[in-house]
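Yeah, the sequence shown ends on 660 if you go by the working numbering, and it's all consecutive.
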Amino acid sequence: MRALSLNFIVASLCLLTISRVLLAVWQWKRVRQAGGLLPILKGGLRIDANQIAVISGIPLLLAPWLGHHPLAVQLCGYWFLFAWMLLVLLEVSTPQFIYEYDTRPNRLYVEYLKHPQEVFGMLWKGYKGVILGAVVALGLFAWMGHALFLEGGPDPVMVWWQRPLFSLGVAAVVFLAIRGTLGHRPINPSTVAYCGDSMLNTLPLNSLYSVAYAIYSMKNERSASDVYGGLPEPEIHEIVRRCAGLPEGPPGIPTLHSHQPRTPRERPLNLVMIVEESLGAQYVGNLGGAGLTPCLDELAKSAWNFTRAYATGTRSVRGLEAVVAGFPPTISDAALRLSGAQSNFFTMAQALRQHGYRSHFIYGGEAHFDNMKSFFLGNGFDELHDLPTFKDPAFVGTWGASDEDMFNCLHRLLETEGDEPTFALAFSVSNHSPWEYPAGRIATDGNPATVENTVRYADWSIGQFFDRARQSAYWDNTVFLIVADHDSRVFGANLVPLRHFHIPALILGADVPARQDDRLISQIDLPTTLLSLIGLSTQHPMIGRDLTQASPGRAMMQYGENYGYLKDDMLVVLEPHRPPTQYRYEAPERYTPVSLDEALAQEALAHVLWPSQVYQKRAYTLPQLQARS
32 MRALSLNFIV ASLCLLTISR VLLAVWQWKR VRQAGGLLPI LKGGLRIDAN
82 QIAVISGIPL LLAPWLGHHP LAVQLCGYWF LFAWMLLVLL EVSTPQFIYE
132 YDTRPNRLYV EYLKHPQEVF GMLWKGYKGV ILGAVVALGL FAWMGHALFL
182 EGGPDPVMVW WQRPLFSLGV AAVVFLAIRG TLGHRPINPS TVAYCGDSML
232 NTLPLNSLYS VAYAIYSMKN ERSASDVYGG LPEPEIHEIV RRCAGLPEGP
282 PGIPTLHSHQ PRTPRERPLN LVMIVEESLG AQYVGNLGGA GLTPCLDELA
332 KSAWNFTRAY ATGTRSVRGL EAVVAGFPPT ISDAALRLSG AQSNFFTMAQ
382 ALRQHGYRSH FIYGGEAHFD NMKSFFLGNG FDELHDLPTF KDPAFVGTWG
432 ASDEDMFNCL HRLLETEGDE PTFALAFSVS NHSPWEYPAG RIATDGNPAT
482 VENTVRYADW SIGQFFDRAR QSAYWDNTVF LIVADHDSRV FGANLVPLRH
532 FHIPALILGA DVPARQDDRL ISQIDLPTTL LSLIGLSTQH PMIGRDLTQA
582 SPGRAMMQYG ENYGYLKDDM LVVLEPHRPP TQYRYEAPER YTPVSLDEAL
632 AQEALAHVLW PSQVYQKRAY TLPQLQARS
């Protein structure tokens with residue numbers, strides 16, 4: 032067992048160090064700008080020592096007492112082989128994960144495993160070469176692991192007095208390696224973070240450590256105060272209400288208030304929210320992007336077009352949480368996935384139900400993905416229309432029916448609704464790796480299976496739908512929102528890469544006047560604005576500003592462990608267990624460090640603490656729903 036443990040320690044250190052060096056060479060331009068390889072290797076040695084000590088600690092402690100027994104040696108060998116292959120699997124997965132998400136494997140790696148059909152279908156269709164290469168690599172490392180851990184014999188018997196000394200020495204070394212420091216706080220990812228590039232700060236980690244830490248940190252009801260620091264509860268509510276322009280609400284729902292539209296209507300209009308998958312501003316021509324969205328650009332000319340809208344996160348559930356519930360981001364999981372938000376949690380459907388609306392969720396995939404079905408049905412939606420309910424879809428890919436099928440379903444629904452007011456949330460699916468869509472719809476550029484061509488198809492589908500909608504009876508009494516959930520890939524050498532949170536957002540239909548709006552806004556400002564546009568007087572706890580009556584001038588976003596609060600041109604970044612930092616931001620990618628404005632930092636802290644607090648107290652709801660809790 033002593034020999035096997037030594038084999039594992041040396042082999043694992045070599046594996047993880049070589050992997051880390053290769054990743055650094057691949058990203059050398061960013062590594063060089065951030066100070067070179069040494070900080071990555073130094074931090075990596077500490078993290079690897081922690082990980083290896085966790086795996087080999089118990090075998091080393093038991094080796095003097097059991098290492099001369101063949102059965103114990105055999106069991107130890109299988110344990111080390113299992114751990115070895117786990118390390119290899121995660122490291123082999125890392126380059127593609129970094130390419131897609133600009134970070135090492137994390138909680139998203141685990142969350143996607145809950146949906147094996149969609150994920151493995153996507154991988155097989157889009158990454159056959161990568162998968163085959165990974166299988167070959169795993170086979171080679173399995174052969175190596177067999178030689179290292181399953182072909183050794185028992186250890187020589189130790190002299191009796193050497194056994195306790197060996198175990199005590201090992202216990203001290205293992206304890207120090209796992210703790211990683213003599214300081215007050217044990218080692219964690221922030222210990223080895225060394226620069227303003229979030230991706231580079233994950234290179235000192237190894238991927239098994241990164242995933243294991245993510246699983247440990249999942250505890251869905253994660254407290255933001257444990258990560259960023261705390262504020263007294265009354266102060267949090269006072270700051271948030273003041274920034275939202277709200278009066279003091281009742282004790283149980285501190286932000287509950289009456290929302291009065293600028294122009295009330297006798298019969299409130301229908302409302303349609305179209306959430307576009309991964310459609311960042313980088314693709315949108317009228318926002319200075321690549322010009323892949325001629326239909327959206329044309330619609331923007333006759334719409335209320337927000338040119339400085341920012342997403343709250345990097346996942347669909349985060350965008351849906353913001354747009355449908357007006358709920359700000361936090362370090363915790365998105366509300367759609369939190370167990371305590373599956374009922375009696377405020378959504379636009381909850382508010383509209385009180386006024387006779389019938390609410391529908393339309394999605395080309397299967398609505399159980401990311402817990403959408405449970406959340407929406409539990410919080411005010413009356414009907415779900417997903418892939419199993421679609422009749423004769425034109426095209427079905429890995430993630431579900433195409434965007435045109437989703438829009439066909441939406442069009443039929445709006446045409447057949449009677450006098451009952453309607454709320455529809457339509458979520459597109461095509462613009463997602465492995466970039467599948469029906470042939471013959473667009474003129475492709477190069478390889479059809481690229482994000483650029485899929486954006487063209489998604490845009491074409493939007494144009495086709497609105498061509499029909501303008502000619503339909505429902506056009507004059509329906510307000511439409513088109514907004515992205517997030518950008519396709521969020522990455523960059525910054526703590527919060529703001530250019531990849533910039534998204535399109537425009538409102539049109541009914542009597543919405545055309546205008547270009549250059550104010551800074553967040554996704555959470557859109558639902559409150561829509562309530563005004565459809566002419567509805569109602570109560571709700573949302574803290575987004577009604578853009579028909581106010582100018583917020585701020586946006587907030589969660590990027591992994593980092594939280595960004597952008598107000599005018601000032602960005603405050605909160606990092607776990609670190610002091611806040613502040614930058615002057617000039618789009619698209621200029622960040623100038625400036626002295627910290629303590630009042631602004633406190634404002635940012637209040638906004639990242641508030642969502643966790645109201646969730647935990649079940650205070651993001653309506654009075655009639657709270658009574659059922």
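From the three backbone atoms N, C-alpha and C, an ideal C-beta is built for every residue, glycine too.
Pairwise C-alpha distance: residue j and residue i
i, j, result
"P607", "A84", "25 Å"
"R349", "Y646", "15 Å"
"A173", "A165", "12 Å"
"C107", "V62", "38 Å"
"G152", "A398", "17 Å"
"Y109", "G227", "41 Å"
"I284", "K73", "49 Å"
"K156", "G409", "34 Å"
"V201", "Q82", "15 Å"
"L53", "L117", "19 Å"
"G411", "F206", "51 Å"
"Q381", "R649", "15 Å"
"P360", "A635", "12 Å"
"I89", "A224", "29 Å"
"G319", "L139", "30 Å"
"D681", "L351", "No information on residue 681 is available, as it lies outside the stretch 32 to 660 that the chain covers here."
"T481", "A80", "40 Å"
"L602", "T420", "45 Å"
"R615", "V604", "11 Å"
Residue from the options whose Cα sits closest to the Cα of residue i
i, options, result
"D450", "R389, S519, D401, A425", "R389"
"G75", "N232, V303, F128", "N232"
"A545", "H399, D417, L330", "L330"
"R520", "P95, Y132, L37", "Y132"
"L418", "G411, A372, L408, W430", "W430"
"F406", "G387, F377, G170, V427", "F377"
"W491", "L44, P465, L327, A650", "L327"
"P185", "Y158, V271, P325, W96", "W96"
"E414", "E448, S238, V427, Y158", "E448"
"D518", "F197, H533, I162, A504", "H533"
"S124", "W191, M403, V242, Y314", "V242"
"A55", "L287, L236, T338", "L236"
"M587", "P610, A342, S198", "A342"
"Q644", "H463, P263, N301", "P263"
"H99", "R346, G183, R216, N38", "G183"
"D628", "P452, L199, D600", "D600"
"T324", "N336, A489, N301", "A489"
"A334", "N301, Q547, R272, G280", "Q547"
"S198", "V514, G575, R33, Q373", "R33"
"L179", "N219, F113, Y651, R443", "F113"
"A42", "Y143, V119, G170", "V119"
"S87", "L68, F337, W115", "W115"
Residue i burial status per 10 Å Cβ neighbour count (16 or more: buried)
i, result
"D476", "exposed"
"H638", "buried"
"Q502", "exposed"
"S50", "buried"
"I675", "For the chain, the structure presents residues 32 to 660; residue 675 sits outside this window and is missing."
"E620", "exposed"
"D516", "buried"
"S229", "buried"
"K598", "buried"
"L656", "buried"
"S370", "exposed"
"Y130", "exposed"
"P278", "exposed"
"Q554", "buried"
"V188", "exposed"
Does the region 546-566 come into contact with the region 522-533, if we say contact requires no fewer than three beta-carbon pairs (one atom in each stretch) closer than 8 Å? no
Next item on the list: Decide yes or no for the touch test of the region 458-473 against the region 393-410: beta carbon pairs closer than 8 Å, at least 3 of them.
Entry: yes
| What residue ranges within the region 568-635 form continuous beta strand (DSSP E) runs of no fewer than 3 residues, ordered along the chain? | 569-571, 585-590, 593-598, 601-605, 612-617, 621-625
Would you list, in sequence order, the uninterrupted alpha helix (DSSP H) runs of no fewer than 4 residues that lie entirely inside the region 472-548? 482-501
Kindly confirm or deny that the region 433-442 and the region 494-501 touch, where touching means at least three C-beta pairs closer than 8 Å. yes
* To do: State whether the region 588-599 contacts the region 277-297, with contact taken as three or more CB pairs (one from each stretch) at a distance under 8 Å.
  => no
Are the region 506-525 and the region 539-554 touching by the rule of at least three beta carbon pairs closer than 8 Å? yes
- prompt: When the Cβ atoms of the region 567-585 are set against those of the region 307-320, are three or more pairs found closer than 8 Å?
  reply: no
**Q.** Complete runs of the beta strand (DSSP E) confined to the region 428-468 [at least 3 residues]
**A.** 453-458
What are the start and end residues of each continuous beta strand (DSSP E) run of 3 or more residues lying completely inside the region 402-430, in chain order? 414-416
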